[in-house]
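Asks:
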Amino acid sequence: MEKIQIVEMANHFLYLPLYYAQHHKFFGYLPPQYDLEIIQAQPSTDRAALRMLLNGEYGTENIKFAVCDPVPLLTMPAQSDRKPALLASLITNSAIWAFDKDSPAVRTIADLGNFENVISFGQGSTTYAIARRITGPHGAERIISVNPGEEFLALREVTNAIALSPDILKASQIASLDEHFKIILPIGSTKEYNNVMVTALISRQDVISAHPDLIQGLLRALQRSSIIVRCGFDDVIEFAAKRFNQGKSQVSAALDAANRTLVFPVNIAVQKHQWESACEAYYESLPDNLRGDSKSINDAYDRVVMPFLGLAQEAIRFELGQMIGRPMPQAGKRKWYNEPQLQVVVGIALGMIVGSFVYWLAGLLLLLASISLLATTVAIGRALEIKRPSLLALHYGLYLLTLPLIWYALEGTNEGGRYTAASLIAALYIADVVLVKVKR
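Residue numbers (the working numbering): 165 to 604.
#1: Counting along the chain, where does the alpha helix (DSSP H) carrying Q369 start and finish?
#2: Distance, Cα to Cα, E221 vs P248?
#3: Could you tell me which residues DSSP pairs with F263 in its beta bridges?
#4: Does S309 come out as helix, strand or coil in the three-state DSSP assignment?
#5: Quick check: the Cα distance between R604 and D377, rounded to an integer number of angstroms?
#6: Please list, in chain order, all residues of the same chain as G277 whose beta carbon is under 6 angstroms from its beta carbon, the five residues on each side excluded.
#7: Please state whether the Cβ-Cβ distance between D331 and F177 is less than 9 angstroms.
#8: Closer than 8 angstroms to a non-hydrogen atom of the ligand NAD - does that hold for the CB of S309?
#9: My understanding is that F263 touches A327, with C-beta atoms under 8 angstroms, so please give their C-beta distance in whole angstroms.
#10: Applying the criterion that 16 or more other CB atoms from any shown protein chain within 10 Å of the CB defines a buried residue, is A374 buried or exposed?
#11: Looking only at its own chain, which residues have a Cβ that is under 8 angstroms from the Cβ of K497, when we skip the five neighbours before and after it?
#12: In terms of residue numbering, what span does the beta strand (DSSP E) encompassing Q169 cover?
#13: From D245, A304 and A185, pick the residue whose C-alpha is nearest to that of F403; which is it?
#14: Measuring straight from C-alpha to C-alpha, what distance separates N324 and I338?
#15: Just verifying my parser: in three-state terms, what is the DSSP assignment at Y179?
#16: Could you check the C-alpha separation between L182 and N431 for me, to the nearest Å?
#17: Can you grab the Cα-Cα spacing for the pair Y193 / G381, in whole Å?
#18: Which residues does DSSP list as the beta-bridge partners of C232?
#19: Please report how far the alpha carbon of I366 lies from the alpha carbon of R481, in whole angstroms.
#20: Beta carbon of V169, beta carbon of N226: below 9 angstroms?
#21: Tell me whether D245 sits in a helix, a strand or coil according to DSSP, three-state version.
#22: Does I480 come out as helix, strand or coil in the three-state DSSP assignment?
#23: In angstroms, rounded to a whole number, what distance separates the CA positions of P268 and F279?
#24: Check this for me: beta carbons of S253 and V468, under 9 angstroms apart or not?
#25: Leaving out five residues before and five after D420 in sequence, what residues of the same chain have Cβ atoms less than 6 angstroms from its Cβ?
#26: With a threshold of 7 angstroms on Cβ separation, who are the neighbours of S441 within its own chain once the five nearest residues in sequence on each side are excluded?
#27: What is the DSSP secondary structure of S208, counted as helix, strand or coil?
#28: Please state the DSSP three-state secondary structure of A252.
#29: Taking the alpha carbon of Q606 as the reference point, which residue from R455, V400, S389 and V362 has its own alpha carbon closest?
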């Protein structure tokens with residue numbers, strides 16, 4: 165079994181769709197030869213996660229994916245043989261909240277600039293980029309950088325400060341214990357950070373070429389998980405409560421807060437306007453000499469996003485098909501097993517060929533019996549709407565298994581054996597219906 169690693173920026177509650185998919189073994193979408201493991205970047209920054217994916221350093225050879233903010237790619241040196249590929253959006257609104265003690269709510273990013281200090285994660289993180297934008301080009305000394313998980317402790321110790329954090333679960337827990345502690349501004353509600361992609365699934369172009377089935381399965385699993393988590397079903401709450409060792413009420417409150425700011429996308433495909441907004445916000449946080457323009461943003465999109473957009477779109481079509489109860493056609497050239505009418509024609513033609521061979525061997529009676537059973541086989545296939553090739557092979561395979569039993573049921577010399585053969589034929593057709601229904 166091949167070990168594949170996904171490096172995440174840190175262990176975040178808002179990465180719940182990834183964790184939920186892993187908990188459910190990626191819903192059976194991954195090929196069986198892969199074993200996926202989630203590891204954390206060292207240090208806990210987006211840039212570190214991207215470096216571990218792209219730089220090919222010793223000990224990172226199993227890392228094929230990163231879950232983090234992708235915009236640092238704009239200023240990272242390109243690797244000629246390990247080119248990035250942005251596959252899916254996992255968080256599509258700025259999942260950062262501004263917290264304080266006793267301060268009234270504010271309405272804009274500019275209002276946050278009135279605080280003396282801004283607590284954020286280290287340089288290279290999304291919160292640091294937002295802090296730079298709040299404090300302005302010459303306000304870096306006002307930023308207090310801490311490790312993930314330490315921002316709320318620092319807020320208790322620093323006066324006239326706000327803390328920027330994506331940890332809405334921890335915030336919900338603290339707010340339930342301290343009525344003075346509260347969210348003063350969801351960053352995702354501001355015009356600067358609304359509808360902005362802040363977390364994505366990133367891979368490399370060589371990984372896509374070498375592991376296409378893995379890519380397809382992982383994207384399908386994340387698309388399904390994103391929808392389920394956004395719906396906030398009971399099993400999602402229970403899973404998150406156990407994984408993060410929190411009460412269900414805190415998990416439910418955190419998930420509600422995330423959903424109010426539309427953190428989890430219904431559609432995991434990377435939208436160009438979300439990419440542009442993320443890049444513009446990132447450039448705003450940089451010194452003037454490091455900022456790019458709209459051309460560099462568009463060039464990056466055409467290079468890193470656009471060639472791989474169809475992979476996420478296929479996953480979306482597939483999952484929508486599952487939700488409405490009918491498999492959707494594969495992207496690209498349609499296969500014969502996706503066309504019901506053609507499936508019936510091919511099935512009948514196959515039956516006639518087999519039946520002719522049977523007639524040559526055993527006579528007209530067996531030919532008529534074969535065609536009769538073929539009609540039953542096709543009818544069962546249409547009734548069950550079999551589209552998957554593996555189930556289709558099982559379905560017609562069971563039909564072919566009945567041919568020697570038909571012969572014995574009609575031509576056998578032992579009456580008990582003929583009845584047994586007839587019973588086995590009936591059992592095979594019952595098994596066909598049951599197996600296909602279970603495997604669907």
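Glycine included, every Cβ here is placed at the ideal spot set by N, Cα and C.
From a predicted model like this one, the values you see are computed outputs, not experimental measurements.
Replies: Answer, in terms of the structure:
#1: Locating residue 369 in the sequence shown gives position 205, counting from the first residue. Note, Q369: alpha helix (DSSP H), Q369 to A374.
#2: Here residue 221 refers to the residue found at position 57 when the sequence shown is read from its first residue. Here residue 248 refers to the residue found at position 84 when the sequence shown is read from its first residue. Approximately 15 angstroms, taken between the alpha carbons.
#3: Residue 263 sits at position 99 when you count from the first residue of the sequence shown. Per DSSP, A327 and I347.
#4: Start at 1 with the first residue of the sequence shown, and residue 309 comes out as number 145. The answer is strand: DSSP assigns S309 an E or B state.
#5: Walking along the sequence shown from the start, residue 604 turns up at place 440. Walking along the sequence shown from the start, residue 377 turns up at place 213. Since pLDDT at R604 reaches only 47, below the 50 mark, its modelled position is unreliable, and the value read off the structure follows with that caveat. One C-alpha to the other measures close to 20 angstroms.
#6: On the sequence shown, residue 277 is found 113 positions in, with the first residue counted as 1. So the list reads I298, once near-sequence residues are dropped.
#7: The residue you call residue 331 lines up with position 167 of the sequence shown. The residue you call residue 177 lines up with position 13 of the sequence shown. Yes.
#8: Absent from the structure shown: the ligand NAD. Ligands present: none.
#9: Here residue 263 refers to the residue found at position 99 when the sequence shown is read from its first residue. Here residue 327 refers to the residue found at position 163 when the sequence shown is read from its first residue. Right, their Cβ atoms sit about 5 angstroms apart.
#10: Along the sequence shown, one-based indexing puts residue 374 at 210. Classification for A374: exposed.
#11: As a first step, residue 497 must be located in the sequence shown, where it is residue number 333. Bear in mind that the predicted position of K497 carries a pLDDT of just 46, short of 50, making it too unreliable to give a figure here.
#12: In the sequence shown, residue 169 corresponds to position 5, counting from 1. Element bounds for Q169: E166 to E172.
#13: As a working mapping, residue 403 is identified with position 239 in the sequence shown. Among D245, A304 and A185, the Cα nearest to that of F403 is on A185.
#14: What you label residue 324 is simply residue 160 of the sequence shown in a count that begins at 1. What you label residue 338 is simply residue 174 of the sequence shown in a count that begins at 1. Rounded to whole angstroms, N324 to I338 spans 19 angstroms at the Cα level.
#15: What you label residue 179 is simply residue 15 of the sequence shown in a count that begins at 1. Helix at Y179.
#16: Along the sequence shown, read from residue 1 onward, the residue named residue 182 stands at position 18. Along the sequence shown, read from residue 1 onward, the residue named residue 431 stands at position 267. Computed Cα separation, rounded: 15 angstroms.
#17: As a first step, residue 193 must be located in the sequence shown, where it is residue number 29. As a first step, residue 381 must be located in the sequence shown, where it is residue number 217. If you take the alpha carbons of Y193 and G381, they lie about 5 angstroms apart.
#18: Stepping through the sequence shown from its first residue, residue 232 is reached at position 68. According to DSSP, which records beta bridges pairwise, C232 is partnered with A364.
#19: For the purposes of this step, residue 366 is identified with residue 202 of the sequence shown, where counting begins at 1. For the purposes of this step, residue 481 is identified with residue 317 of the sequence shown, where counting begins at 1. Distance between the alpha carbons of I366 and R481: 20 angstroms.
#20: Residue numbering aside, residue 169 sits at position 5 when the sequence shown is read from its first letter. Residue numbering aside, residue 226 sits at position 62 when the sequence shown is read from its first letter. Before going on, a small fix: residue 169 reads as Gln here, not Val. Contact: yes.
#21: Start at 1 with the first residue of the sequence shown, and residue 245 comes out as number 81. Coil at D245, not helix or strand.
#22: Reading the sequence shown from its first residue, position 316 is the one you call residue 480. Correct three-state label for I480: helix.
#23: Here residue 268 is taken as the residue at index 104 of the sequence shown, counted from 1. Here residue 279 is taken as the residue at index 115 of the sequence shown, counted from 1. Computed Cα separation, rounded: 12 angstroms.
#24: What you label residue 253 is simply residue 89 of the sequence shown in a count that begins at 1. What you label residue 468 is simply residue 304 of the sequence shown in a count that begins at 1. Not a contact, by the Cβ cut-off of 9 angstroms.
#25: One-based indexing of the sequence shown puts residue 420 at position 256. Around D420: no qualifying Cβ.
#26: Walking along the sequence shown from the start, residue 441 turns up at place 277. For S441, where only same-chain residues beyond five positions count, the Cβ hits under 7 angstroms are N359 and V360.
#27: Walking along the sequence shown from the start, residue 208 turns up at place 44. The answer is coil: DSSP assigns S208 none of H, G, I, E or B.
#28: As a working note, residue 252 is residue 88 in the sequence shown. Residue state, collapsed to three classes: strand.
#29: A query on residue 606 cannot be resolved here, the shown segment of the chain reaching from 165 to 604 and no further.
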